[in-house]
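Peer 1: Submitted below is the structure of interest, expressed as structure tokens.
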Amino acid sequence: MIHFQSLRLFLGVIFLVTPLMARAEIVDLPEAAMTANGLYRVELKAQDMKMGVGPIHVWIATVTDKDGNPVEGAKIAVDGGMAAHGHGLPTAPEMTQVMAPGVYKIDGVKFSMMGEWQLRLKIEAAAGTDNVEFQFKVK
Amino acid sequence: MLAKSRTLITNVLLPALILAAVTAIVLPRYAARASNDDASLLTPDEMEMAKSLTLASLPSLSPDPSNRFAENAAAAELGRELFFDTRLSANAQIACATCHQPGAQFQDGLPLAEGIDRNFRRTMPIAGTQWGAWFFWDGRKDSQWSQALGPLENPIEHGLTRADVVKRVVTHHGEAYEKVFGELPDVRGWPNNASPVIAGKPLENWQAAAQTVRDAIDRAFANIGKAIAAFERTLMPEENRFDRFVAARLSDSQPSPEAELDNDELAGFRLFVGKAGCNHCHSGPRLTDDFFHNTGVPFSPDVQGVDWGRAAVVEWLANDEFSCLGPHSDAPADTCRELRFMSKDQAVFEGAFKTPTLRGVAERPPYMHAGQFATLEEVVDHYDEAPDPFSGLPDINGQIVPHGRHNETIPLGLDVREKARLVAFLKTL
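The listed protein sequences derive, respectively, from chains H and D.
Just so we're aligned: 89 in our numbering is position 89 of the first sequence, and the numbers increase by one with no gaps anywhere.
Just so we're aligned: 1307 in our numbering is position 307 of the second sequence, and the numbers increase by one with no gaps anywhere.
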């Protein structure tokens, strides 16, 4: 007689190995998005997409204009949160460094749990002020 | 004939029997799972979520760069002695361990802590806080060592001044102090009863002291906190029944009868990570997100006025002389990232308190920051209802003005059975 428990465990192991090996990482993040009024195109990504839950870490925003030229001298304000849970970011991230023309370092991002998060950038540059939101999962 | 029947058995009957057996066992279990009747099986997603709440997911402990004695065994031993020493109090009856009792998860079971006088908040457990970023219910401290200094100078807790704390440590623990920190302060000529944070005579005495004396007192006071923190760093979160259950399932072994979860408890787990959304804040292996939330907990009838929680301390924290960025921290400034990037938006933090760990929660009533609820059933009822006590406050003209809803949670719509299952799960933690 095959024991119920061991069979169940055996089946469980087959299904579980893959997801459990993975560390929490950022998924379903669009590579780029246009700002709401179409002034800027923004590429946004975490410096390490596997930072997961807990550590404060760095994101990189690359801002170009409609013609694909880097947008220099931008001021970028960051907020965000988990809309589904009604709370904001646990930290106050800041744009801390211009890494290259149109490439901005955003430091101080932290995700306190797995789930669906939003990061919103308010970009002030010569062409005007515009906003963009990125939605993604930490899982 | 014999050979033929053997062939029949091995080629036809045996495989048919095995197939029938496997079908009989496997299919109903899949069918049962699909119709959600067999609550004892967890889906891969549920299993992943379950593991994230167990000690198996606890990362290795990061160093505390602000405390260079954090891993020092002699410092931890001194810290242990200080932790239990009632002489470090105004009435010689209060030690850290008076409220943080080792036999009771380092808390006291009281709604409001009792030191020299009654506090307006509940004692918090200690184990696992070495992984945390913020300390006290309002997170007004950013390290274990800095936290440990607060109660010593609080008139309602230990009721001493920092000058007296250092003098008493020099008198009673001088040898151990010298062994760890190298040099015993020469306290001759130091004032008694002197502190920059206690108005009246202590402040006057502090201001009358020379700057070199004040610096020496502060340095030794910080060292005392660092020794206590080195001890507290050794207090590890304990394995609970849920840890053992998940570990057994993951390692392909059968949970011991003690560690098995029954179907009500498993249903409670599903509510915890599902409909009730407890894991929105009580996440990770310590069952806390290390952050601050207003969950509409009623004001305590035993506490005067409104406790504004984190909102009242975010500005103050930036100027704390014992913070990661202060002169007594051992950390390079660029490592103080929690402090550097902390949110200072008071509106977000009005009435917000730190998410407490739920490890061992069933054994340490009462609950919430002022012990407002006597039982887990009351806690679950509260979250099911999701009231907003701040909505009843009159407008005030202080720095903090009530506005909007002050409860991040929403009513859960749990029925009686679901509430009972949630409580059953909480008891496995």
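Ideal Cβ positions, reconstructed from N, Cα and C, are used throughout, including at glycine.
All figures in this text were calculated on a predicted structure; none of them were measured in a lab.
Alpha carbon to alpha carbon, how far is Asp-1384 of chain D from His-1369 of chain D? Give it in angstroms, no decimals.
Peer 2: Taking the second sequence and counting its residues from 1, one reaches residue 1369 of chain D at position 369. Taking the second sequence and counting its residues from 1, one reaches residue 1384 of chain D at position 384. The alpha-carbon atoms of His-1369 of chain D and Asp-1384 of chain D are separated by roughly 18 Å.
Peer 1: Comparing the C-beta of Cys-1281 of chain D with each C-beta of chain H, is any distance below 9 Å?
Peer 2: Counting from 1 along the second sequence, the entry for residue 1281 of chain D is found at position 281. Chain H, which has a Cβ nearer than 9 Å to the Cβ of Cys-1281 of chain D, makes this yes.
Peer 1: Could one say the Cβ of Pro-30 of chain H lies closer than 9 Å to chain D's Cβ atoms, at least one of them?
Peer 2: Residue mapping note: residue 30 of chain H aligns to position 30 of the first sequence, counting from 1. It does not: the Cβ of Pro-30 of chain H has no partner Cβ on chain D nearer than 9 Å.
Peer 1: Establish whether the CB of Ala-1003 of chain D and some CB of chain H are separated by less than 9 Å.
Peer 2: Walking along the second sequence from the start, residue 1003 of chain D turns up at place 3. Residue confidence for Ala-1003 of chain D is low, a pLDDT of 49 falling below 50, so the modelled location carries little weight and cannot support an answer.
Peer 1: Counting beta carbon pairs with one atom in the region 1347 to 1357 of chain D and one in the region 1293 to 1305 of chain D, are three or more of them shorter than 8 Å?
Peer 2: The region 1293 to 1305 of chain D vs the region 1347 to 1357 of chain D: in contact.
Peer 1: At the level of alpha carbons, what is the spacing between Ala-83 of chain H and Gly-1277 of chain D?
Peer 2: The residue you call residue 83 of chain H lines up with position 83 of the first sequence. The residue you call residue 1277 of chain D lines up with position 277 of the second sequence. Going by the C-alpha atoms only, they are around 14 Å apart.
Peer 1: At 3 residues or longer, what runs of the beta strand (DSSP E) sit wholly inside the region 1112 to 1193 of chain D?
Peer 2: Those beta strand (DSSP E) runs which fall completely within the region 1112 to 1193 of chain D and span 3+ residues do not exist here.
Peer 1: Where does Met-1047 of chain D sit, in a helix, a strand or coil, going by DSSP?
Peer 2: Along the second sequence, one-based indexing puts residue 1047 of chain D at 47. Reduced to three states, the DSSP call for Met-1047 of chain D is helix.
Peer 1: Under DSSP, the alpha helix (DSSP H) around Asp-107 of chain H begins and ends at which residues?
Peer 2: Numbered from 1 along the first sequence, position 107 holds the residue referred to as residue 107 of chain H. Per DSSP, Asp-107 of chain H belongs to no alpha helix (DSSP H); it is in the beta strand (DSSP E), 103 to 109.
Peer 1: I need the straight-line Cα distance from Ala-77 of chain H to Met-1236 of chain D, nearest angstrom please.
Peer 2: Counted from its first residue, the first sequence places residue 77 of chain H at position 77. Counted from its first residue, the second sequence places residue 1236 of chain D at position 236. Whole-angstrom Cα-Cα distance: 39 Å.
Peer 1: Report buried or exposed for Phe-4 of chain H, applying the criterion of at least 16 other Cβ atoms within 10 angstroms of its Cβ.
Peer 2: On the first sequence, position 4 is the one that residue 4 of chain H refers to. Caution applies to Phe-4 of chain H, whose pLDDT of 39 falls short of 50 and renders its modelled position unreliable; the value that the coordinates give is listed next. The residue is exposed, with fewer than 16 neighbouring Cβ atoms inside 10 Å.
Peer 1: Tell whether a beta-carbon distance below 9 Å holds between Phe-1291 of chain D and Leu-1053 of chain D.
Peer 2: Reading the second sequence from its first residue, position 291 is the one you call residue 1291 of chain D. Reading the second sequence from its first residue, position 53 is the one you call residue 1053 of chain D. The answer is no: Cβ separation not under 9 Å.
Peer 1: Is Lys-66 of chain H near Leu-39 of chain H, with beta carbons less than 9 Å apart?
Peer 2: Along the first sequence, read from residue 1 onward, the residue named residue 66 of chain H stands at position 66. Along the first sequence, read from residue 1 onward, the residue named residue 39 of chain H stands at position 39. In this structure, Leu-39 of chain H lies closer than 9 Å to Lys-66 of chain H by Cβ.
Peer 1: Which residues in the same chain as Thr-1123 of chain D place their Cβ atom closer than 6 Å to its Cβ, once the five residues preceding and following it in sequence are excluded?
Peer 2: As a working note, residue 1123 of chain D is residue 123 in the second sequence. Cβ within range, chain order: Cys-1099, Gln-1107, Asp-1108, Ala-1113.
Peer 1: For His-85 of chain H and Ser-1146 of chain D, I'd like the C-alpha separation in whole angstroms.
Peer 2: Within the first sequence, numbered from 1, the residue matching residue 85 of chain H stands at position 85. Within the second sequence, numbered from 1, the residue matching residue 1146 of chain D stands at position 146. Approximately 32 Å, taken between the alpha carbons.
Peer 1: Hey, is Asp-107 of chain H's beta-carbon within less than 9 Å of any beta-carbon in chain C?
Peer 2: Here chain C cannot be found, since the structure's protein chains are H and D.
Peer 1: Could you work out which residue in D:Ile-1224, D:Ala-1386, D:Pro-1065, D:Gln-1211 is closest to Ala-1518 of chain D when comparing CA atoms only?
Peer 2: The requested residue 1518 of chain D is not part of the displayed model; chain D covers only 1001 to 1429.
Peer 1: Spatial neighbours of Lys-1226 of chain D within its chain, please: CB distance less than 6 Å, with the 5 preceding and 5 following residues excluded, ordered by chain position.
Peer 2: By one-based count along the second sequence, residue 1226 of chain D stands at place 226. Closer than 6 Å at Cβ, skipping near neighbours: Asn-1067, Phe-1069, Trp-1145.
Peer 1: Would you identify the three-state DSSP class for Glu-1338 of chain D, choosing helix, strand or coil?
Peer 2: Position 338 of the second sequence, counting from 1, holds the residue named residue 1338 of chain D. Looking at Glu-1338 of chain D - three-state DSSP - the assignment turns out to be helix.
Peer 1: Take Glu-1153 of chain D and list the residues in its own chain whose beta-carbon comes closer than 7 Å to its own, dropping the five residues that flank it on each side.
Peer 2: Here the question's residue 1153 of chain D lines up with position 153 in the second sequence. Cβ within range, chain order: Leu-1160, Thr-1161, Arg-1162, Ser-1195, Val-1197, Ile-1198.
Peer 1: Please classify Phe-111 of chain H as buried or exposed, where buried requires at least 16 other C-beta atoms within 10 Å of its C-beta.
Peer 2: The residue given as residue 111 of chain H occupies position 111 in the first sequence. Phe-111 of chain H should be labelled buried.
Peer 1: Leaving out five residues on either side along the sequence, give the residues of the same chain with a beta carbon under 7 Å from the beta carbon of Trp-1316 of chain D.
Peer 2: For the purposes of this step, residue 1316 of chain D is taken as the residue at position 316 of the second sequence. Contacts found: Arg-1140.
Peer 1: If we ignore side chains and look at the alpha-carbon of each, how far apart do Thr-1355 of chain D and Asn-69 of chain H end up?
Peer 2: Here the question's residue 1355 of chain D lines up with position 355 in the second sequence. Here the question's residue 69 of chain H lines up with position 69 in the first sequence. Cα to Cα, Thr-1355 of chain D sits roughly 45 Å from Asn-69 of chain H.
Peer 1: Which residues mark the beginning and the end of the alpha helix (DSSP H) in which Ile-1217 of chain D is found?
Peer 2: The residue labelled residue 1217 of chain D in the question sits at position 217 within the second sequence. Note, Ile-1217 of chain D: alpha helix (DSSP H), 1211 to 1232.
Peer 1: By the criterion of Cβ-Cβ separation under 7 Å, what are the contact partners of Gly-1360 of chain D in chain H?
Peer 2: Numbered from 1 along the second sequence, position 360 holds the residue referred to as residue 1360 of chain D. Residues of chain H passing the Cβ test: none, with the nearest at roughly 21 Å.
Peer 1: If we cut at 9 Å on Cβ distances, does Ile-1156 of chain D have a partner in chain H?
Peer 2: Here the question's residue 1156 of chain D lines up with position 156 in the second sequence. Not closer than 9 Å to any Cβ of chain H, the Cβ of Ile-1156 of chain D fails to qualify, so no.
Peer 1: Measure from the alpha carbon of Glu-1046 of chain D to the alpha carbon of each residue in D:Asn-1119, D:Ile-1217, D:Phe-1272, then state which is nearest.
Peer 2: Counting from 1 along the second sequence, the entry for residue 1046 of chain D is found at position 46. The candidate whose alpha carbon is nearest that of Glu-1046 of chain D is D:Phe-1272.
Peer 1: Any beta carbon from chain D within less than 9 Å of Ala-61 of chain H's own beta carbon?
Peer 2: Numbered from its first residue, the first sequence carries residue 61 of chain H at position 61. Not closer than 9 Å to any Cβ of chain D, the Cβ of Ala-61 of chain H fails to qualify, so no.
Peer 1: I'd like to check one pair, Glu-133 of chain H with Gly-88 of chain H: are the Cβ atoms closer than 9 Å?
Peer 2: Here residue 88 of chain H corresponds to residue number 88 of the first sequence, with the count starting at 1. Here residue 133 of chain H corresponds to residue number 133 of the first sequence, with the count starting at 1. No, Cβ-Cβ distance for Gly-88 of chain H and Glu-133 of chain H is not below 9 Å.
Peer 1: Is any beta-carbon of chain D found at less than 9 Å from that of Glu-94 of chain H?
Peer 2: Sequence index remark: in the first sequence, residue 94 of chain H carries index 94 (1-based). True, the Cβ-Cβ gap to chain D drops below 9 Å.
Peer 1: Along the chain, where does the alpha helix (DSSP H) containing Gln-1346 of chain D start, and where does it finish?
Peer 2: Within the second sequence, residue 1346 of chain D is the residue found at index 346, counting from 1. Taken as a continuous stretch (DSSP letters only), the alpha helix (DSSP H) holding Gln-1346 of chain D covers 1346 to 1349.
Peer 1: Using alpha carbons as the reference points, say which of H:Ala-126, H:Gly-128, H:Gly-115, H:Ala-127 lies closest to Gly-139 of chain H.
Peer 2: Your numbering for residue 139 of chain H matches position 139 in the first sequence. The amino acid occupying residue 139 of chain H in the given sequence is Lys; Gly does not appear at that position. Closest option to Lys-139 of chain H, Cα to Cα, is H:Gly-115.
Peer 1: Nearest to His-1282 of chain D by alpha carbon, out of D:Thr-1357, D:Ala-1311, D:Tyr-1367?
Peer 2: Locating residue 1282 of chain D in the second sequence gives position 282, where the first residue counts as 1. Ranking the options by Cα distance to His-1282 of chain D, first place goes to D:Thr-1357.
Peer 1: Please state whether the Cβ-Cβ distance between Ile-56 of chain H and Phe-1341 of chain D is less than 9 Å.
Peer 2: Numbered from 1 along the first sequence, position 56 holds the residue referred to as residue 56 of chain H. Numbered from 1 along the second sequence, position 341 holds the residue referred to as residue 1341 of chain D. Yes, Cβ-Cβ distance for Ile-56 of chain H and Phe-1341 of chain D is below 9 Å.
Peer 1: According to DSSP, is Gln-1433 of chain D helix, strand or coil?
Peer 2: Beyond the ends of chain D as shown, which are 1001 and 1429, falls residue 1433 of chain D; an answer cannot be given.
Peer 1: Does the beta-carbon of Glu-124 of chain H have 16 or more other beta-carbons within 10 angstroms, so that it is buried, or is it exposed?
Peer 2: As a position in the first sequence, residue 124 of chain H is number 124, starting the count at 1. The residue is exposed, with fewer than 16 neighbouring Cβ atoms inside 10 Å.
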